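Following: one structure in structure tokens, then a few remarks.
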Amino acid sequence: MKEESIQQERIPRRILPGGDAVPAIGLGTFGSDKYGPEEVARAVYGGIRQGYRLIDCAAVYQNEAQVGEALEHALEEGLAKREELFLISKVWNDRHGEGEVLASCRQSLKDLRQDYLDLYLVHWPFPNYHAPGCSGDARNPDSRPFRVQEFMKVWAQCEELAGAGLARYIGMSNMTIPKLEAVLPLCRIKPAFLEMELHPSFQQPELFQYALDHGIQPIGYCPIGSPSRPERDRDAGDVADTELPEIAEIARAHGIHPALVCLKWAVQRGQIPIPFSVKESQYRSNLQAVTEDPLSEAEMESIRRADRNCRLVKGQVFLWPHAGSWEDLWDPDGSISC
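The opening residue of the sequence shown carries number 19 in the numbering used here; numbering runs sequentially from there.
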């Protein structure tokens with residue numbers, strides 16, 4: 019017997035500056051390094067049945083066509099109405115050329131079987147790309163550092179597709195404060211969302227607060243530390259969030275899995291976590307966890323102090339020739355690395 023879906027009124031919402039309410043937790047679809055597109059699509063269908071209404075997609079995940087079938091079936095069966103969903107996609111790095119952003123968005127719409135997206139993101143702020151499934155030491159000789167004018171040509175195309183009604187909102191991803199300071203004054207349409215790595219051992223407090231101060235809603239990927247992330251993104255010094263003593267202690271106190279503590283923290287902090295799982299028991303419990311038994315102020319403070327500044331998705335495959343290290347992607351000295 020199937021469990022009833024989690025009632026929508028129980029799921030927290032984020033209120034955007036314009037007044038729109040967006041689910042405070044979503045379902046990720048990045049699993050192409052470990053799970054096939056059909057498995058991801060089944061999770062999307064099952065997630066909507068359980069109560070998810072925000073689905074985070076991307077062209078580079080190589081599963082939007084299958085996810086589109088799942089969305090179509092869910093809508094046809096009345097599991098949700100289109101206006102209740104918040105669908106996200108992203109332009110990949112190899113589609114930053116003139117006219118290519120619009121073409122990429124239209125392809126995602128075709129694959130997802132939709133007339134419009136709720137949010138379209140610039141996946142990475144430069145045209146550097148890598149082959150799917152490549153190793154961590156792979157390098158594209160055509161990669162280059164972030165360039166403001168080059169990025170603004172991409173952003174101008176996003177503004178055009180927003181004006182054409184193909185995306186209700188547009189946003190950025192994997193940015194830094196120096197990059198945002200350089201481009202925000204040049205934007206005709208300000209980004210409504212910023213997708214960024216966020217989990218207890220990597221809280222990015224300065225960037226997180228910068229986004230909030232500028233009316234930009236953070237979306238957090240890797241919210242439980244991404245235990246299924248690709249091998250190229252693993253390092254011997256990485257911290258496992260679910261094994262942090264502070265997280266483990268709170269999990270014991272609440273009688274829940276440590277991953278659920280990470281999600282409660284994320285939602286209560288103010289970001290939108292997008293956990294990924296193909297297992298129904300997991301994606302249901304992920305959603306249910308943020309509807310009940312909140313963390314106390316003392317527990318939230320304990321997690322705040324647990325930050326280890328441990329970035330998991332280092333992005334080293336995007337490095338340009340002569341770059342010093344993966345840290346150059348993230349402007350560690352407070353200025354744009356070049």
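Ideal Cβ positions, reconstructed from N, Cα and C, are used throughout, including at glycine. These figures come from a predicted structure and were not determined experimentally.
Residue i burial status per 10 Å Cβ neighbour count (16 or more: buried)
{"i": "tyrosine 70", "result": "buried"}
{"i": "alanine 76", "result": "buried"}
{"i": "arginine 302", "result": "buried"}
{"i": "glutamate 215", "result": "buried"}
{"i": "histidine 340", "result": "exposed"}
{"i": "glycine 86", "result": "buried"}
{"i": "lysine 297", "result": "exposed"}
{"i": "glutamate 94", "result": "exposed"}
{"i": "glycine 243", "result": "buried"}
{"i": "isoleucine 295", "result": "Residue identity differs from the one stated: residue 295 is serine in this sequence, not isoleucine. It counts as buried."}
{"i": "glutamine 167", "result": "exposed"}
{"i": "arginine 329", "result": "buried"}
{"i": "glutamine 175", "result": "buried"}
{"i": "glycine 342", "result": "exposed"}
{"i": "phenylalanine 117", "result": "Looking at the sequence provided, one finds glycine at residue 117 rather than phenylalanine. With fewer than 16 other Cβ atoms within 10 Å, it is exposed."}
{"i": "glycine 273", "result": "exposed"}
6 Å Cβ shell around residue i - same chain, five flanking residues per side excluded
{"i": "serine 191", "result": "Leu139, His141 and Glu213"}
{"i": "methionine 19", "result": "With a pLDDT of 46 at methionine 19, under the threshold of 50, the modelled position of this residue cannot be trusted, and the question is left open."}
{"i": "alanine 88", "result": "Ala59, Val62 and Tyr63"}
{"i": "glutamine 289", "result": "Leu216, Pro236 and Gly238"}
{"i": "isoleucine 234", "result": "Pro209 and Leu212"}
{"i": "tyrosine 147", "result": "Asn111 and Asp112"}
{"i": "glutamine 84", "result": "Pro55, Glu56 and Ala59"}
{"i": "tyrosine 228", "result": "Ile195"}
{"i": "glycine 37", "result": "none"}
{"i": "valine 257", "result": "Ser219, Arg326 and Cys328"}
{"i": "isoleucine 268", "result": "Val279 and Glu317"}
{"i": "aspartate 226", "result": "At residue 226 the sequence reads phenylalanine, which differs from the aspartate that was named. Around phenylalanine 226: Pro236."}
{"i": "lysine 108", "result": "Ala76, Leu139 and His141"}
Cβ neighbours of residue i in the same chain (closer than 7 Å, five flanking residues each side left out)
{"i": "asparagine 327", "result": "Phe220"}
{"i": "glutamine 306", "result": "Ile24"}
{"i": "isoleucine 66", "result": "Ala92, Leu97 and Ala98"}
{"i": "glutamine 286", "result": "Pro312, Leu313 and Met318"}
{"i": "tyrosine 53", "result": "Val296"}
{"i": "arginine 28", "result": "Thr309"}
{"i": "asparagine 81", "result": "Thr47, Ser50, Pro55, Val58 and Ala59"}
{"i": "proline 30", "result": "Ala42, Val285 and Val308"}
Beta-carbon gap between residue i and residue j smaller than 8 Å
{"i": "asparagine 304", "j": "proline 312", "result": "no"}
{"i": "aspartate 349", "j": "proline 196", "result": "yes"}
{"i": "cysteine 280", "j": "threonine 260", "result": "yes"}
{"i": "proline 276", "j": "alanine 266", "result": "yes"}
{"i": "cysteine 123", "j": "alanine 39", "result": "no"}
{"i": "methionine 170", "j": "leucine 204", "result": "yes"}
{"i": "valine 331", "j": "glycine 154", "result": "no"}
{"i": "isoleucine 73", "j": "leucine 34", "result": "no"}
{"i": "isoleucine 106", "j": "aspartate 136", "result": "yes"}
{"i": "proline 145", "j": "asparagine 111", "result": "yes"}
{"i": "histidine 114", "j": "valine 201", "result": "no"}
{"i": "proline 163", "j": "serine 355", "result": "yes"}
{"i": "glutamate 264", "j": "serine 320", "result": "yes"}
{"i": "glutamate 199", "j": "isoleucine 188", "result": "no"}
Nearest-angstrom Cβ-Cβ length linking residue i and residue j, presumed shorter than 8 Å
{"i": "proline 291", "j": "proline 241", "result": "3 Å"}
{"i": "valine 324", "j": "leucine 262", "result": "Rather than valine, the amino acid found at residue 324 in this sequence is alanine. That pair is a contact at about 5 Å."}
{"i": "alanine 359", "j": "isoleucine 207", "result": "Only positions 19 to 356 of the chain appear in this structure, which leaves residue 359 out of reach."}
{"i": "glutamate 90", "j": "arginine 131", "result": "5 Å"}
{"i": "phenylalanine 48", "j": "tyrosine 79", "result": "5 Å"}
Same chain only: Cβ atoms within 8 Å of residue i, ignoring 5 sequence neighbours per side
{"i": "proline 159", "result": "Pro339"}
{"i": "glutamate 21", "result": "Gln68 and Arg302"}
{"i": "aspartate 133", "result": "Leu127"}
{"i": "glycine 352", "result": "Ile195 and Pro196"}
{"i": "arginine 32", "result": "Ala39, Val40, Pro41, Ala42, Gln235, Gly288 and Ile290"}
{"i": "leucine 230", "result": "Pro236 and Gly288"}
Residue i at chain B interface by Cβ criterion, 8 Å
{"i": "arginine 186", "result": "The structure shown contains no chain B; it is built from a single protein chain."}
Where are the alpha helix (DSSP H) runs, 4 residues long or more, that stay fully inside the region 91 to 127, in chain order? Qualifying alpha helix (DSSP H) stretches: none in this window.
At 3 residues or longer, what runs of the beta strand (DSSP E) sit wholly inside the region 144 to 219? Segments of the beta strand (DSSP E) lying fully in the region 144 to 219: 185 to 191 and 211 to 215.
Within the region 262 to 300, ranges of the alpha helix (DSSP H) (whole runs, at least 4 residues): Fully enclosed alpha helix (DSSP H) runs of 4 or longer: 263 to 272 and 276 to 287.
Jot down the residue ranges of each uninterrupted alpha helix (DSSP H) in the region 303 to 349, minimum 4 residues, whole runs only, in chain order. Those alpha helix (DSSP H) runs which fall completely within the region 303 to 349 and span 4+ residues are 315 to 322.
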